[in-house]
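As structure tokens, the structure follows; a few thoughts come after it.
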Amino acid sequence: MKFSTRAEYGLKAMANLAKDFPRQKTVRDISKEEKISAKYLERLMGWLRNKNLVQSHKGKSGGYILARNPAKIKVGEIVEILEGPISPMGCVGKICALEHKCSSSFVWAKVGVQIKETLYAIKLSDLIYTKK
């Protein structure tokens, strides 16, 4: 399973906001610090704002701030907002006429559950203290 840049950059931006929580930051500042296109980042932040993970404040002293404490935001929540349902195969988690004939559906369903459980077990606050 491969996640797109939406998940990668969105997670970086959220971790950046978490690091400075509860201070708000501009897209320009996050963009510079994380080396993400400001235009692309603005789109990602819009999705996150629409799903109530961040709040935006307009104007000269505007910016973005996390809508909740980083300890209350799960990585899985961020990934699903930006990527859609977490699934290793397109057919997993959907009604499939071939499921009873498919010899690998059990494997992919089990893998999907493990990935989702892992991502939802990680809090955004955990990323602040993680060293590379």
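If you're matching positions, the sequence shown starts at 3 in the numbering used here and goes up one per residue.
The beta carbon of each residue, even a glycine, is placed where N, CA and C say it ideally should be.
Report, in whole angstroms, the separation of the C-beta atoms of residue i and residue j, which I expect to be a contact under 8 Å.
| i | j | result |
| --- | --- | --- |
| Lys125 | Ile75 | 7 Å |
| Tyr11 | Ile38 | 5 Å |
Measure the CB-CB distance between residue i and residue j and report whether it falls below 9 Å.
| i | j | result |
| --- | --- | --- |
| Ile2 | Leu50 | Absent from the structure is residue 2, since the part of the chain shown begins at 3 and ends at 134. |
| Arg30 | Ala15 | no |
| Leu84 | Arg8 | yes |
| Leu46 | Gln57 | no |
With DSSP as the reference, label residue i as helix, strand or coil.
| i | result |
| --- | --- |
| Lys118 | helix |
| Ile67 | strand |
| Ser106 | coil |
| Lys135 | Here the chain covers residues 3 to 134 and nothing more, so residue 135 does not appear. |
| Lys4 | coil |
| Lys76 | strand |
| Lys34 | helix |
| Lys212 | Coverage of the chain is limited to positions 3 through 134, which leaves residue 212 absent and any answer about it impossible. |
Going by C-alpha distance, which of the options is nearest residue i?
| i | options | result |
| --- | --- | --- |
| Arg70 | Gln26, Glu36 and Lys62 | Gln26 |
| Ala73 | Tyr11, Phe23 and Ser106 | Phe23 |
| Lys62 | Gly48, Thr28 and Lys37 | Thr28 |
| Ser127 | Ser6, Asn18, Gly12 and Phe5 | Asn18 |
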